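Each residue of the sequence shown is one higher than the one before, starting from 143 at the first, in the numbering used here. Note that the Cβ used here is the ideal one computed from N, Cα and C, for glycine as well. It should be emphasised that the depicted structure is a prediction, and the values quoted were computed from it without experimental measurement. Below is one structure, written out as structure tokens, with a few remarks after it.
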Amino acid sequence: MSSSNKAVFLDRDGVICYDVHYMSSPEQFQLMPFVGEGIKALNDAGFLVIVVTNQSGLRRGLITEENLKKIHDRMIKELSAYKARIDDIFVCPCLPEENCECRKPRPGMILEAAKKHNIDISSSFMVGDKQIDADAGKAAGCRTILIAEDSSLKADYIVKSFKEAVEIIMSEAKR
143 MSSSNKAVFL DRDGVICYDV HYMSSPEQFQ LMPFVGEGIK ALNDAGFLVI VVTNQSGLRR
203 GLITEENLKK IHDRMIKELS AYKARIDDIF VCPCLPEENC ECRKPRPGMI LEAAKKHNID
263 ISSSFMVGDK QIDADAGKAA GCRTILIAED SSLKADYIVK SFKEAVEIIM SEAKR
């Protein structure tokens, strides 16, 4: 069976919402500009939208599973106001020193999502804000977009906003 779905994998902190160091409560979650509209546009263009997020705060005892679920419920609720949908969320709770396969920069979460959702990785994108996001996307075989000011980072595209990232994905999808 061939992989038929295309996806946009999104890092959560710094891409979907403002990056709060070890976010631990839903009150800290704040959607970034154009994310609702952008995810809706990706949904409408036929992309699965999948969140892949490192959350070592779980292992560090800085956040509970229950609060992480509440944060993600709030994210889904805020996005629903734009009729935007997240198709799945993959979380790596591991510490960097555990060297697990799922923690970005390794591609485990992306590869697991691709298998679960029958995704064609080569027609998919990883959008993040840190080099580890681009590295995970590259290792999985995705095209990569970083939302960052630092032009020394390595990705297929470096943009200044989520809106620009969505514009690139839409233009690439038409090719």
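For a quick check, are the C-beta atoms of residue i and residue j less than 8 Å apart?
{"i": "residue 192", "j": "residue 255", "result": "yes"}
{"i": "residue 162", "j": "residue 269", "result": "no"}
{"i": "residue 227", "j": "residue 171", "result": "no"}
{"i": "residue 285", "j": "residue 267", "result": "yes"}
{"i": "residue 183", "j": "residue 261", "result": "no"}
{"i": "residue 164", "j": "residue 204", "result": "yes"}
{"i": "residue 238", "j": "residue 198", "result": "yes"}
Taking DSSP as the reference, what is the three-state secondary structure of residue i?
{"i": "residue 143", "result": "Bear in mind that a pLDDT of 44 at residue 143, under 50, signals an unreliable position, so the model cannot answer this."}
{"i": "residue 282", "result": "helix"}
{"i": "residue 262", "result": "coil"}
{"i": "residue 301", "result": "strand"}
{"i": "residue 289", "result": "strand"}
What residue does the beta strand (DSSP E) around residue i start on, and which one ends it?
{"i": "residue 223", "result": "Here residue 223 belongs to no beta strand (DSSP E), and DSSP marks it neither H nor E."}
{"i": "residue 187", "result": "No beta strand (DSSP E) holds residue 187; DSSP gives it neither H nor E."}
{"i": "residue 148", "result": "148 to 152"}
{"i": "residue 267", "result": "267 to 270"}
{"i": "residue 205", "result": "Taken as a continuous stretch (DSSP letters only), residue 205 belongs to no beta strand (DSSP E), as it is neither H nor E."}
{"i": "residue 231", "result": "230 to 234"}
What distance in whole Å lies between the Cβ atoms of residue j and residue i, which are believed to be in contact at a cut-off of 8 Å?
{"i": "residue 277", "j": "residue 289", "result": "Not a contact, Cβ separation roughly 15 Å."}
{"i": "residue 315", "j": "residue 187", "result": "6 Å"}
(request) Would you be able to state if there are at least three C-beta pairs under 8 Å between the segment 179 to 192 and the segment 240 to 247? (result) Taking a cut-off of 8 Å for Cβ pairs, the segment 240 to 247 and the segment 179 to 192 do not touch, as fewer than three such pairs fall below it.
(request) Take every Cβ of the segment 172 to 181, pair it with every Cβ of the segment 293 to 300, and state whether three or more of those distances are shorter than 8 Å. (result) Segments in contact, no.
(message) Three Cβ pairs or more, each shorter than 8 Å: is that satisfied between the segment 195 to 214 and the segment 227 to 239?
(response) The segment 195 to 214 vs the segment 227 to 239: in contact.
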